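Colleague: Pasting in a structure now, in structure tokens, and then I'll have a few things to ask.
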Amino acid sequence: MNCERVAEWLPDYLEGSLSSAQRGIVEEHLQHCATCFDEVAVWKKMSALPSEEPSPESRARFEAMLHAFPSTEVGEPARTFVAARPASGWASVIQWLRTPVGALAWSLALLVIGVGIGTRIGGKDASHSEEIAAMHSELASMKQLVVLSMLTQQSASERLQGVNYTNREEHLDPQVLAALLRTLRYDNSVDVRLAALDTLSRHANQPQIRKSVVDSLQEQQSPMVQVALIDLLSEWRDPDAAQRLRNFQQIKNLNPTVRQRAEWAVSKLQ
Amino acid sequence: MLQVRSGEAEMLGVLFDRYQTPLYNFYTKMTQDRVLSEDLVQDVFLRILRYRQTYRPGTPFRAWIYQIARNARVDAMRKVKPEAPMLAEPTAPAAADAAQQKQEAQLLQRALMRLPEDKREILILSRYQELKYEEIARLMGCEVGAVKVRVHRALQQLREAFRQLERGAGSKVSDHTGGQLPSPRTWQ
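Right, here's the structure in full:
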């Protein structure tokens with residue numbers, strides 16, 4: 001094999017995604033070709049560059065940035081009150097306040113200040129609650145982003161963590177629900193699928209979710225998930241549940257325990 | 001309000017803890033500038049906050065976050081005045097026993113800095129950030145085959161740069177063990 005042909009395979013060789021036969025061919029070539037051998041050698045040497053850690057202040061800066069975010073993006077309500085008058089000539093002012101005109105002016109001034117403060121506090125409350133609402137909405141979309149990102153992770157434990165974040169939520173965004181349905185159908189890990197099913201079952205009051213969960217029974221391969229789905233069907237008692245379970249029982253090579261569970265559920269539904 | 005704020009911090013904190021070190025290393029290897037790299041990492045998370053709605057569910061998250069990271073760097077580079085030096089922190093003199101390994105790492109970093117930016121980036125993404133070719137293809141908006149060709153060409157060029165530097169270093173080793181790494185601007 002010449003360098004040109006090897007060049008096509010080399011990137012996959014470096015990534016470790018060649019079949020063992022192809023890998024053998026590339027390695028055979030590497031023994032005879034100094035240039036290609038050296039390329040691989042440099043690729044391996046690249047691991048000599050150390051991985052560095054960011055400074056410890058990085059996390060604090062991040063939190064400060066997060067804290068500052070709503071004030072710059074959502075709009076900070078005015079928080080400053082009218083500045084106090086400079087304290088000068090206090091003696092003459094107090095003397096003037098003791099006169100009848102001064103007393104009347106004082107009372108009026110207090111009234112105006114009182115109304116002013118009342119209005120400001122009222123206005124502040126309104127904008128404050130708007131700010132809280134905006135932050136709540138930010139939090140929801142941030143959670144959504146984290147969950148969706150974690151569901152695409154390679155490690156099952158991280159995907160499981162992602163699903164678990166959804167467990168505490170009363171309302172889930174349609175995108176998150178759709179991602180959970182995908183997880184229930186296609187995730188490689190039984191634990192992750194079971195966790196997704198657990199969350200989805202809490203949202204079974206939504207007809208589309210309920211239907212998709214029930215539909216997934218026919219596709220499930222894992223006995224544990226199958227049993228969990230059968231239990232849900234018998235619990236929900238939908239009109240077509242018994243028929244669905246009978247259809248399910250037709251599947252060949254069904255695990256005996258699962259088949260038994262389905263029979264039990266059908267008898268319970270009748 | 002504080003509760004909401006801490007909830008939000010917790011959620012974004014999950015992403016921060018997961019990605020800050022890989023992103024920091026992406027930037028230090030790209031720019032050789034630790035201070036700038038930390039700033040860029042912060043910028044990435046600010047952008048995540050701002051643009052989180054643009055993430056399309058079901059698509060690889062890593063490709064999305066690296067897309068943000070690339071944009072943040074490109075934008076930062078635009079702001080840097082061409083004459084402004086990008087300061088690399090001086091590296092400490094190598095201990096005698098680790099000298100060779102350290103020198104090799106330095107030569108590699110210098111060789112990387114000699115590559116054009118796009119080649120350096122594709123090597124860093126595939127070798128250090130461990131992105132799959134499919135992810136890089138998505139990131140760069142090209143075919144997987146094109147990514148493999150680019151990786152190979154970049155590696156060829158890196159090899160040449162590295163061996164060239166190594167030959168130079170062999171004749172005057174002392175120049176490289178304790179010196180300051182070059183500014184990336186000198187190589188572009």
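Chains E and A, in that order, are what the protein sequence lines are.
All residue numbers for the first sequence refer to the numbering used here, where the first residue is 1 and numbers rise by one.
All residue numbers for the second sequence refer to the numbering used here, where the first residue is 1 and numbers rise by one.
All C-beta atoms in this analysis are idealised placements derived from N, C-alpha and C, irrespective of residue type, glycine included.
Note that the structure is a prediction, hence the values are computed from the model and not measured.
1. How would you call Gly16(E), buried or exposed, if buried means at least 16 neighbouring beta carbons within 10 angstroms?
2. Cβ of Arg114(A) less than 8 Å from any chain E Cβ?
3. Is it buried or exposed for Asn25(A), if we count other Cβ within 10 angstroms and need 16 for buried?
4. By DSSP, does Ile230(E) sit in helix, in strand, or in coil?
5. If you follow the alpha helix (DSSP H) that Lys79(A) is part of, which residue opens it and which one closes it?
6. Expressed to the nearest angstrom, what Euclidean distance is found between the alpha-carbon atoms of Ala88(A) and Val41(A)?
7. Whose C-beta lies closer than 8 Å to the C-beta of Asn255(E) among residues of the same chain, with five residues either side of it excluded?
8. Figure out for me which residue from Val163(E), Leu172(E), Ala196(E) and Lys143(E) has the closest Cα to the Cα of Leu12(A).
9. With Thr199(E) as the anchor, note down where its alpha helix (DSSP H) starts and where it stops.
10. Given that Trp264(E) touches chain A, what residues does it touch there, using C-beta distances under 7 Å?
11. For Asp43(A), which residues in the same chain have their Cβ closer than 6 Å to its Cβ, ignoring the five residues on either side in sequence?
12. Taking Cβ to Cβ, would you say Ala179(E) is nearer than 8 Å to Leu200(E)?
13. Identify whether Leu108(A) lies in helix, strand or coil by the three-state DSSP scheme.
14. Could you say which of Leu165(A), Glu135(A) and Phe162(A) lies nearest to Tyr66(A) if we only look at CA atoms?
15. Helix, strand or coil for Pro223(E) per DSSP?
16. Taking all protein chains shown into account, decide if Asp75(A) is buried (16 or more other Cβ within 10 angstroms of its Cβ) or exposed.
17. In this structure, how does DSSP classify Thr257(E) when only helix, strand and coil are distinguished?
18. Alpha carbon to alpha carbon, how far is Trp9(E) from His29(E)?
19. How many whole angstroms separate the CB atoms of Arg159(A) and Glu39(E), which I take to be in contact at a CB cut-off of 8 Å?
20. Compare the C-alpha of Leu155(A) against each of Leu18(E), Lys44(E), Glu57(E) and Ala242(E) and name the closest.
Modeller: According to the structure shown:
1. By 1-based counting over the first sequence, the position of residue 16(E) is 16. The residue is exposed, with fewer than 16 neighbouring Cβ atoms inside 10 Å.
2. Along the second sequence, read from residue 1 onward, the residue named residue 114(A) stands at position 114. Chain E contact via Cβ: absent.
3. Against the second sequence, residue 25(A) aligns to sequence position 25. Result: buried.
4. Taking the first residue of the first sequence as 1, we reach residue 230(E) at position 230. Looking at Ile230(E) - three-state DSSP - the assignment turns out to be helix.
5. By one-based count along the second sequence, residue 79(A) stands at place 79. Where Lys79(A) is concerned, the enclosing alpha helix (DSSP H) stretches over Phe61 to Lys79.
6. In the second sequence, counting from the first residue as 1, residue 88(A) sits at position 88. In the second sequence, counting from the first residue as 1, residue 41(A) sits at position 41. Here the model assigns Ala88(A) a pLDDT of 48, short of 50, so the residue's position is not dependable and the matter cannot be decided.
7. Against the first sequence, residue 255(E) aligns to sequence position 255. The answer, listed in chain order, is Pro223 and Gln226.
8. Residue numbering aside, residue 12(A) sits at position 12 when the second sequence is read from its first letter. Of the listed residues, the one whose Cα sits closest to Leu12(A) is Lys143(E).
9. Within the first sequence, the letter at position 199 stands for residue 199(E). Element bounds for Thr199(E): Val190 to Ser201.
10. In the first sequence, the residue the question calls residue 264(E) occupies position 264. Those do not exist, as Trp264(E) stays about 37 Å from chain A at its closest Cβ, beyond 7 Å.
11. As a working mapping, residue 43(A) is identified with position 43 in the second sequence. Answer for Asp43(A): Ala72, listed in chain order.
12. Position 179 of the first sequence, counting from 1, holds the residue named residue 179(E). Position 200 of the first sequence, counting from 1, holds the residue named residue 200(E). No, these two residues do not count as a Cβ contact at 8 Å.
13. For this step, residue 108(A) is matched to residue 108 along the second sequence. Three-state result, Leu108(A): helix.
14. Taking the first residue of the second sequence as 1, we reach residue 66(A) at position 66. If we check each option's Cα against that of Tyr66(A), Glu135(A) comes out closest.
15. Translated into the one-based positions of the first sequence, residue 223(E) becomes position 223. DSSP places Pro223(E) in helix when its eight states are reduced to three.
16. Numbered from its first residue, the second sequence carries residue 75(A) at position 75. Per the 10 Å Cβ criterion, exposed.
17. Numbered from its first residue, the first sequence carries residue 257(E) at position 257. It is helical.
18. Here residue 9(E) refers to the residue found at position 9 when the first sequence is read from its first residue. Here residue 29(E) refers to the residue found at position 29 when the first sequence is read from its first residue. Cα to Cα, Trp9(E) sits roughly 11 Å from His29(E).
19. Along the second sequence, read from residue 1 onward, the residue named residue 159(A) stands at position 159. Along the first sequence, read from residue 1 onward, the residue named residue 39(E) stands at position 39. Right, their Cβ atoms sit about 5 Å apart.
20. Position 155 of the second sequence, counting from 1, holds the residue named residue 155(A). Closest option to Leu155(A), Cα to Cα, is Lys44(E).
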